[in-house]
């Protein structure tokens, strides 16, 4: 893949207009025709969405997409649809202890509603704002409790069980960090306070160390930027065992969607770390070290399909306007 660095957003105006037109049509078709009693729309069969009962990880996307469409089009019925559905149907996701998907479901809904309110795109209401904040606080703590300890940290384990680290989960760290920035923490037995920032950092480091490869001789499949879908651990002693894949070709290949999760997740973390208070890290790590780990993982994964290697000296990091919402957008 060769990157055309001369392209600008203005060059894509016509394509983006068509994109948002098509997006709006699809969102309305799903809202009008999909039977939500079957569960969340997870995948398609015969060109139409259907459900898959092993997890409801896409329900937040269903309503979150309508919120993003409203942000672009200002069509109030999309806001009404997403806000009502979030209030009525998303509470189960806030209190779901059995999944690793809180960032997908709850930041997409409660998070975007909170952000739109803080940006003045929807009418401010103090109780409504506190409702969204409470949901995000609790979601971050619930997600952080799904924890497997390692000798050098730990990770939020996947729905497969305590032995399983999914690369996907790098994108759920958003909800831990938002909850942390809202002043919340996880409270364990005997009032033990657990830092959500610390858990997010430890999970990010575990993902960078075990899910991402750097061409450093780890094994014969070690290629710069290769990404595992799943990393398997011995939960008795915390030792790493092997790579695995649930949806990819095998544990020794790169599952494209897993690579995309890592590319986006580490970029989100770098945006957060850029403005995070260094003093918050003193108790468990150094901010500069965490940044270096995340930057190395972001560089490797973003390079994987590009036509250059680290030795080419081509800049890795675009310092222009971010394409994604920063975590701070949900808080300021």
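Numbering (the working numbering), first residue to last: 390 to 721. No residue lacks a Cβ here, since even glycine has one placed at the ideal position from N, Cα and C. What you are looking at is a predicted structure, and each value in this text was computed from that prediction instead of being measured.
In the displayed model, residue 619 falls within a strand according to three-state DSSP.
Our two residues, residue 521 and residue 413, have alpha carbons roughly 25 angstroms apart in a direct line. Residue environment analysis places residue 535 among the buried positions, since at least 16 neighbouring C-beta atoms fall within 10 angstroms of its C-beta. The beta-carbon distance between residue 582 and residue 602, rounded to whole angstroms, is 35 angstroms. This is too long to meet the 8 angstroms contact definition.
The Cβ atoms of residue 562 and residue 492 sit closer than 8 angstroms to each other. Assignment of residue 510 by DSSP, reduced to helix, strand and coil, places it in the coil class.
Taking C-beta atoms as the reference points, residue 432 and residue 497 fail to come closer than 8 angstroms. Comparing alpha-carbon positions, the option among 597, 618, 636, 566 lying closest to residue 670 turns out to be 566. At the C-beta level, residue 662 and residue 680 come within 8 angstroms of one another.
Residue state for residue 445 is assigned as coil, using DSSP reduced to three classes. Taking the Cβ atoms as the reference, residue 627 lies roughly 10 angstroms from residue 551, outside the contact range of under 8 angstroms. Here DSSP, grouped into helix, strand and coil, assigns residue 576 to strand.
Closest in alpha carbon position to residue 555, among 398, 621, 466, is 621. Put simply, the backbone Cα of residue 525 is about 29 angstroms away from that of residue 624. The three-state reading of DSSP puts residue 643 in coil, since its state is none of H, G, I, E or B. Taking each of 424, 452, 446, 575 in turn and checking the Cα distance to residue 439, the smallest one comes out for 424. If you keep only unbroken alpha helix (DSSP H) runs of at least 4 residues inside the stretch 534-592, you get 562-570. Close CB contacts of residue 501 within its chain, under the 6 angstroms cut and outside five residues either way in sequence, are with 453, 456 (chain order). Note that the C-beta distance between residue 416 and residue 430 is not below 8 angstroms. Residue 533 is not a Cβ neighbour of residue 571, given a cutoff of 8 angstroms. In this model, residue 632 and residue 685 are separated by some 20 angstroms (Cα to Cα). For the options 463, 537, 510, 542, the alpha carbon positioned closest to that of residue 591 is the one of 542. Here the alpha carbon of residue 668 sits roughly 28 angstroms from the alpha carbon of residue 546. If you draw a straight line from the Cα of residue 462 to the Cα of residue 409, it is about 8 angstroms long.
The criterion of a C-beta distance shorter than 8 angstroms is not satisfied by residue 654 and residue 618. Taking the Cβ atoms as the reference, residue 595 lies roughly 20 angstroms from residue 641, outside the contact range of under 8 angstroms. Counted as a single uninterrupted DSSP element, the alpha helix (DSSP H) harbouring residue 678 occupies residues 676-692. In this structure, residue 683 lies near residue 659, with their beta-carbon atoms less than 8 angstroms apart. The three-state reading of DSSP puts residue 415 in helix, counting H, G and I together. Spanning the alpha carbons of residue 459 and residue 426 requires a straight line of approximately 25 angstroms. Within the DSSP bridge table, the entry for residue 632 names 620 as partners. Taking a 10 Å sphere around the C-beta of residue 644, we find 16 or more other C-beta atoms and assign the residue as buried. Inter-residue distance for residue 689 and residue 465 is about 41 angstroms (C-alpha atoms, whole angstroms).
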